[in-house]
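Single-structure report; data block below.
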Amino acid sequence: MISIAQRAAGTMIWTFAGALLLALSPGMSASCAAADNTVTVTKSSTELRQVTARYAINAPPSFVWQTITSYPQLPSFIPAYRRCRVLSSQGAQKTLDVHMQTSRLLPPFRYQVRVNENPKAMNLSLKRISGDFAALNGQYKLLPVDNGERTLLIYHLSIDPGLALPGANGMIKSNVERELSAVRAHAEQAHRKSMIGAN
Numbered sequence: 012m013i014s015i016a017q018r019a020a021g022t023m024i025w026t027f028a029g030a031l032l033l034a035l036s037p038g039m040s041a042s043c044a045a046a047d048n049t050v051t052v053t054k055s056s057t058e059l060r061q062v063t064a065r066y067a068i069n070a071p072p073s074f075v076w077q078t079i080t081s082y083p084q085l086p087s088f089i090p091a092y093r094r095c096r097v098l099s100s101q102g103a104q105k106t107l108d109v110h111m112q113t114s115r116l117l118p119p120f121r122y123q124v125r126v127n128e129n130p131k132a133m134n135l136s137l138k139r140i141s142g143d144f145a146a147l148n149g150q151y152k153l154l155p156v157d158n159g160e161r162t163l164l165i166y167h168l169s170i171d172p173g174l175a176l177p178g179a180n181g182m183i184k185s186n187v188e189r190e191l192s193a194v195r196a197h198a199e200q201a202h203r204k205s206m207i208g209a210n
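If you count by the numbering used here, then the sequence shown holds residues 12 to 210, one letter each, in order.
Set out below in structure tokens:
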């Protein structure tokens with residue numbers, strides 16, 4: 012029987028699904044329009060979910076990269092984040108400890124992930140190493156469009172919360188949209204501020 016704590020943890024897993032993580036699909040073109048803001052969620056024969064998203068951002072990739080890799084600052088603009096602490100940093104590899112609170116009625120959720128950064132390729136991958144997940148693997152990929160003036164953010168996440176949740180696909184989709192919208196807004200704001208300072 013699933014406990015209340017397990018159900019709460021499962022709910023918060025879906026909120027995390029949109030927080031960090033994106034991957035390039037080989038067949039996708041580097042076009043960038045409002046229609047590119049899409050999120051799809053599919054389920055395998057187990058509880059493993061596959062999340063794929065693409066978001067158009069009106070800022071160069073460098074601003075988006077700075078946004079998603081400013082780990083201690085993520086709680087200031089990502090919904091549900093309470094803390095994102097860097098436990099260790101060895102060059103391009105970092106270990107993060109993340110605390111989340113998706114509702115006042117739910118207990119906090121905590122997990123640790125190992126992040127590998129490739130700033131030259133604008134690619135970031137992560138993998139769960141401990142915490143309240145059965146499995147978690149994700150990747151961000153940032154594509155320059157319009158001569159590098161804008162970004163197409165591609166995201167993929169494989170996640171298994173370790174328990175069954177009714178309506179999980181819809182929950183994942185709405186939370187991913189909320190999280191990626193926050194990343195987009197933050198990167199665009201940083202870009203606008205830089206343009207003002209350049210004038």
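Built from N, CA and C at the ideal position, the CB exists for glycine as well.
Whole-number beta carbon distance between residue j and residue i, since they are thought to touch under 8 angstroms
i, j, result
"Ile11", "Leu147", "Nothing in the structure corresponds to residue 11, since the chain is present only between 12 and 210."
"Leu191", "Ala67", "Their Cβ separation, rounded to whole angstroms, is 10 angstroms, which puts Leu191 and Ala67 out of contact at 8 angstroms."
"Leu107", "Arg96", "7 angstroms"
"Gly149", "Gln123", "Rounded, the Cβ-Cβ distance is 14 angstroms, inconsistent with contact."
"Tyr82", "Met111", "Incorrect: roughly 14 angstroms between the Cβ atoms, too far for contact."
"Ala201", "Phe74", "5 angstroms"
"Arg60", "Ala179", "7 angstroms"
"Gly173", "Ala145", "4 angstroms"
Reduced DSSP category for residue i - H, G, I as helix; E, B as strand; rest coil
i, result
"Lys131", "coil"
"Ala146", "strand"
"Pro71", "coil"
"Ala19", "Note that Ala19 scores a pLDDT of 44, beneath 50, so its modelled location is shaky and nothing firm can be said."
"Ile207", "helix"
Of the listed residues the options, nearest to residue i (C-alpha basis)
i, options, result
"Arg121", "Pro130, Val109, Glu128 and Gln200", "Val109"
"Asn158", "Gly181, Asn69 and Thr63", "Asn69"
"Pro177", "Lys54, Leu164 and Pro119", "Lys54"
"Ala103", "Asn134, Pro90, Pro119 and Ala145", "Asn134"
"Leu153", "Lys105, Ala145 and Leu164", "Leu164"
"Asn129", "Arg139, Phe144, Ala145 and Tyr151", "Tyr151"
"Glu160", "Pro119, Gln101, Met206 and Val62", "Met206"
"Pro155", "Ser136, Val52, Leu168 and Pro71", "Pro71"
"Pro90", "Lys204, Leu168, Thr162 and Val187", "Val187"
"Val62", "Thr162, Gly181, Arg203 and Lys105", "Gly181"
"Ser100", "Asn127, Ile140 and Arg94", "Asn127"
"Asn48", "Arg189, Leu98 and Arg125", "Arg189"
"Ser136", "Thr162, His167 and Pro119", "His167"
"Thr162", "Thr57, Glu199, Glu58 and Ile140", "Glu199"
"Val50", "Glu58, Ser185 and Arg94", "Ser185"
Residues bridged to residue i [DSSP beta-bridge criterion]
i, result
"Tyr66", "Leu164"
"Gln61", "Thr53 and Ser169"
"Ser185", "Partner(s): none; Ser185 has no beta bridge."
"Val109", "Cys95 and Tyr122"
"Tyr82", "Answer by DSSP bridge pairing: none, since Tyr82 is not bridged."
"Arg139", "Val124"
"Ser100", "Lys105"
"Leu191", "None; Leu191 has no bridge partner."
"Pro177", "Per DSSP, none; premise fails for Pro177."
"Gly155", "The sequence given here has Pro at residue 155, not Gly. In the DSSP output, where bridge partners are listed per residue, Pro155 has Thr162."
Any chain C beta carbon closer than 8 angstroms to residue i
i, result
"Tyr122", "Among the chains in the structure shown there is no chain C, since it carries only a single protein chain."
Any 3 or more C-beta pairs closer than 8 angstroms across the segment 188 to 201 and the segment 71 to 79: yes
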